[in-house]
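All the letters of the sequence shown, read from the start, carry residue numbers 1 to 492 under our numbering.
See structure below.
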Amino acid sequence: MPPILELHGLDKRFTGTHALRHVDLAFERGEIHAIVGENGAGKSTLIKLLTGVYPRTAGEILWEGRKVALTGPQEALALGINAVHQEVVLCRHLSVAANLFLGHERVRFGLLQRARMEREAQRVLDELGFAIPAAALLAGLTIGQQQLVATARAALHGTRFLIFDEPTAYLTRQEAAQLFALIRRLKASGVTLVYISHRLEEVFELADRVSILRDGALISTEAVAQTDEARLIRGMIARSIEQIYHKDDVAPGPELVRVEGLSGPGFTDISLDVRRGEIVGLYGLIGAGRSEFVQALFGRYRHTGGTIHWDGGTVDIRSPQQAIARGIALVPESRRDQGLCLNLGVGTNLNLAIFDRLTRALTVDHRAAARAAQAQIKDLRIQTASQTTLVQSLSGGNQQKVVVGKWLAHGAELFIFDEPTVGVDVGTKVEIYRLFGQLLHRGAGIILISSYLPEVYELADRLHVFRAGRKVASYGHLEAPVETILAQAIGA
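Listed below in structure tokens is the structure:
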């Protein structure tokens, strides 16, 4: 039998950009086919071509041996082609059940049968092993749970070719395990799965074959059993990375910030300090209280107890403005919702924190603003056509660089990075880690929050483990085995 889907010379051009270059690729029935590459390599463009969102510039697509047009999403869905995106594209104001049956509602005599839909949806969720109430409002779920709902929806409606785009970016370990179990069940039932991820360990755990995209071109396709991580990285970035988790050797300086017994919504009695020139890591499962703690330190949440000491003196930080004035910068977990103005240009976003310096007699000095933005674009190697390019059109990795660049221009002294490498490629990760080193050499301190244990384990000079809103353990760099840290976080 022919492959379920074949691409022959698939090509896509935008104005000034050759996004996909004459790709020849075949997807076999019932396989898990991973696609890896840096941000901007062409992965997102490929997804949109296969799901009918973009028309192709040239080339052919064959479905079960016959040519198909794929001129729109409805044609793709009718064939059984679907995608679960990193950014959930469901209706947040509707219930889980309503989202599962969106477009396939249960109706009798012209009336919507909500109770029936909830019963059927709950049965589907339970069979998949997803502990999610079907009657719950989607907006009330975590991002990870919303991702599982999107996956359940795709699995429910006869999908035969399912694309996952960074599916575990916001999932807990338990949710990721549930997703992997579902992926294996779908494969066993004959569904072809395309798995796109920057987490290479997931590729080796799940995939049968892996294809590398670089600069819009297909570099290679290999059996996962016949390759290794170093080989994939070389193919992705055209250079060798001796150490992904690059860590500069910087001697810690004097204390920058110290909190004693800080309590607030979602966390209790947290005491820790950060010195200049060091990375303090916070590890825990999602919901452990790490993000709530740093949001209080940044002044977004009101703390209900405890004290904050900044640069030798006691301070009362009650707003982000006060935190920023002190020199505290927050790179939030959700860069799109909390860190960027998506409908504004790259240059404007980069200058958001320093417009007061760029203003003369109530008027922005546009030349000075352009120089300041260009300096960050150059230093961080932000890939953008111009400063006026809307930041929403950038890849995830380049969006993250814009968030960081905004605070670099401000000259902050304490940088709080909440999940800084979610959804970015391995090359961008290395650039972010090297950026950490630059900040440390300048005398800044860093608080690093990551749910990805290898990252925070390798980079942090000191590591604090959070569980259920409390700090339950603290370790020096590489002081405790990974298994011990994970057990502390889980409560095993």
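C-beta: ideal position from N, C-alpha, C; glycine also.
Classification of residue i by the beta-carbon crowding that lies within 10 angstroms, buried from 16 upward
i           : result
residue 343 : exposed
residue 393 : exposed
residue 305 : exposed
residue 33  : buried
residue 360 : exposed
residue 402 : buried
residue 65  : exposed
residue 471 : buried
residue 214 : buried
residue 17  : exposed
residue 152 : buried
residue 435 : buried
residue 111 : exposed
residue 144 : buried
residue 427 : buried
residue 220 : exposed
residue 293 : buried
residue 483 : exposed
residue 117 : buried
Residues sharing a beta bridge with residue i, DSSP
i           : result
residue 264 : 267
residue 425 : Paired residue(s): none; residue 425 is not in a bridge.
residue 36  : 212
residue 220 : 212
residue 466 : 471
residue 398 : Per DSSP, none; premise fails for residue 398.
residue 417 : 331 and 448
residue 60  : 8
residue 119 : Paired residue(s): none; residue 119 is not in a bridge.
residue 273 : 258
residue 83  : 163
residue 434 : Paired residue(s): none; residue 434 is not in a bridge.
residue 360 : 363
residue 182 : None, per the DSSP bridge assignment.
residue 390 : 345
Sub-8 Å separation of residue i and residue j beta-carbons
i           : j           : result
residue 437 : residue 253 : no
residue 445 : residue 257 : yes
residue 81  : residue 51  : yes
residue 250 : residue 464 : no
residue 300 : residue 310 : no
residue 179 : residue 168 : yes
residue 387 : residue 346 : yes
residue 84  : residue 150 : yes
residue 192 : residue 31  : yes
residue 25  : residue 206 : no
residue 328 : residue 355 : no
residue 9   : residue 60  : yes
residue 448 : residue 281 : yes
residue 165 : residue 237 : no
residue 288 : residue 468 : yes
residue 462 : residue 474 : yes
residue 209 : residue 264 : no
Residue interval of the beta strand (DSSP E) (run including residue i)
i           : result
residue 198 : Element bounds for residue 198: n/a, residue is neither H nor E.
residue 67  : 66 to 68
residue 474 : 470 to 476
residue 459 : Careful: residue 459 lies outside any beta strand (DSSP E), inside the alpha helix (DSSP H) at 453 to 459.
residue 23  : 17 to 27
residue 282 : 279 to 283
Boundaries of the alpha helix (DSSP H) in which residue i is found, first to last residue
i           : result
residue 99  : 96 to 100
residue 346 : 346 to 350
residue 79  : 73 to 79
residue 12  : No alpha helix (DSSP H) contains residue 12, which is instead part of the beta strand (DSSP E) from 5 to 14.
residue 377 : 366 to 380
residue 230 : 229 to 237
residue 105 : No alpha helix (DSSP H) holds residue 105; DSSP gives it neither H nor E.
residue 250 : First-last for residue 250: undefined, no H or E at that position.
residue 482 : 482 to 490
residue 47  : 43 to 50
Can you check the region 288 to 342 for any beta strand (DSSP E) of at least 3 residues that lies completely inside it and give the ranges in chain order? With a minimum length of 3 residues, the continuous beta strand (DSSP E) runs that stay inside the region 288 to 342 are 305 to 310, 313 to 315 and 328 to 331.
Those runs of the beta strand (DSSP E) which lie wholly inside the region 129 to 177 and span at least 3 residues: Runs found: 161 to 165.
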